[in-house]
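Numbering (UniProt numbering), first residue to last: 1 to 332. Just so it is clear, CB atoms sit at the ideal spot from N, CA and C, and this is done for glycine as well. From a predicted model like this one, the values you see are computed outputs, not experimental measurements.
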């Protein structure tokens with residue numbers, strides 16, 4: 001049994017990890033979350049009070065973070081501003097949370113000798129051409145293209161520097177695009193699912209040729225737990241489930257799963273600086289640590305996700321109208 005601090009644990013990927021830990025281990029979890037628009041206490045409902053504690057606060061609050069880190073065995077650092085569109089509109093929160101927040105956490109784990117696992121994204125590597133057979137590996141040079149991905153790249157480099165300079169016991173994982181329960185309706189897949197549930201045609205950026213490598217949040221969670229328990233200190237592991245799909249295919253599959261014609265969607269203005277393709281090679285994680293995804297079939301994982309949103313309108317409905325109003329202003 002370990003005592004874990006999970007930063008950003010009321011967000012999408014963080015809350016899925018907390019649920020996964022409770023379901024598959026005896027660990028105790030303290031969640032630290034600022035509860036910005038992307039954090040939602042409802043995502044933690046139903047978890048046992050004797051296993052999960054919640055602290056509302058900012059990961060950039062060095063005094064608060066120091067106190068929390070001093071009382072746990074390990075930290076899993078999910079807290080981040082993570083939406084590309086928002087980073088183009090106002091980059092400042094991304095610098096504060098992703099850079100300053102990670103710095104505060106690194107100083108705390110350095111002081112207390114606490115194990116750290118840092119969650120990052122494949123977007124730090126930039127993008128690949130659509131016809132390029134290559135995939136990102138742990139050796140791919142960083143080439144971020146947005147305020148979001150550049151601040152995540154910066155946070156990764158801070159972690160690497162603290163490992164080398166101060167001997168911090170840290171690992172890093174860069175994951176491909178997640179989908180699953182508790183994802184904010186601003187994101188691509190839940191936005192399209194909830195549009196269909198409301199009788200609104202889904203929206204597709206440009207021609208929908210951009211490719212993402214999709215992984216179910218449960219598989220991300222199992223990979224992170226595996227790295228936390230068995231990963232080599234100082235190493236980076238890429239997490240992916242071989243789920244490459246272009247956005248057009250994803251929208252059409254959502255419509256198919258929900259009983260609508262495959263062409264029942266609208267094209268909208270493409271996003272500025274929209275990366276073409278992400279693709280993850282997770283060979284190192286699989287060969288060294290023996291990890292495998294549960295949802296190797298993207299359609300099966302997507303069907304389970306559609307069912308979750310259909311059954312949890314009370315969770316996503318409060319944020320839906322404001323999200324669509326924001327996108328309407330952007331012509332998207």
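{"Query": "Exposure of residue 38, with buried meaning 16 or more beta-carbon neighbours within 10 Å", "Result": "buried"}
{"Query": "Cα-Cα separation between residue 43 and residue 143, rounded to whole angstroms", "Result": "33 Å"}
{"Query": "Complete runs of the beta strand (DSSP E) confined to the stretch 97-154 [at least 3 residues]", "Result": "115-121"}
{"Query": "Rounded straight-line distance, which links the Cα of residue 326 to that of residue 215", "Result": "27 Å"}
{"Query": "Extent of the continuous alpha helix (DSSP H) run through residue 195", "Result": "188-197"}
{"Query": "Cβ neighbour criterion (16 or more within 10 Å) applied to residue 342", "Result": "Here the chain covers residues 1 to 332 and nothing more, so residue 342 does not appear."}
{"Query": "Option nearest residue 262 by Cα separation, candidates 306, 202, 3 and 282", "Result": "202"}
{"Query": "Neighbourhood of residue 35 by C-beta distance below 8 Å, restricted to the same chain and skipping five residues each side", "Result": "10, 41 and 56"}
{"Query": "Contact check, residue 29 vs residue 52, beta carbons under 8 Å", "Result": "yes"}
{"Query": "Sub-8 Å separation of residue 223 and residue 295 beta-carbons", "Result": "no"}
{"Query": "Residue 69 beta carbon less than 8 Å from that of residue 31", "Result": "no"}
{"Query": "Cβ-based burial, residue 232 [other Cβ within 10 Å; buried from 16]", "Result": "exposed"}
{"Query": "Reference residue 26, options 267, 94, 1 and 12, closest by Cα", "Result": "1"}
{"Query": "Beta-carbon proximity check, residue 105 vs residue 276, cutoff 8 Å", "Result": "no"}
{"Query": "Per DSSP, cross-strand counterpart(s) of residue 56", "Result": "33"}
{"Query": "Identity of the residues DSSP links to residue 3 by a beta bridge", "Result": "28"}
{"Query": "Cβ pair residue 177, residue 213 closer than 8 Å", "Result": "yes"}
{"Query": "Segment limits, alpha helix (DSSP H) that includes residue 266", "Result": "Premise fails: residue 266 lies in the beta strand (DSSP E), 266-268, not in any alpha helix (DSSP H)."}
{"Query": "CA nearest to the CA of residue 50, picked from 93, 66 and 3", "Result": "3"}
{"Query": "Residue closest to residue 59, alpha-carbon to alpha-carbon, out of 102, 218 and 94", "Result": "102"}
{"Query": "Beta-carbon gap between residue 171 and residue 149 smaller than 8 Å", "Result": "no"}
{"Query": "Secondary structure of residue 212, DSSP reduced to three states", "Result": "strand"}
{"Query": "Through-space distance from residue 267 to residue 180, alpha-carbon basis", "Result": "24 Å"}
{"Query": "Three-way DSSP call (helix, strand, coil) for residue 184 in this model", "Result": "coil"}
{"Query": "Cutoff 7 Å; reference residue 285; Cβ partners in own chain excluding five residues on either side", "Result": "223, 237, 238, 239 and 291"}
{"Query": "Closer than 7 Å: residue 277 CB and nearest the ligand HEM heavy atom", "Result": "Among the components modelled here there is no ligand, and therefore nothing to report on the ligand HEM."}
{"Query": "Residue span of the alpha helix (DSSP H) that contains residue 306, given as start and end", "Result": "298-311"}
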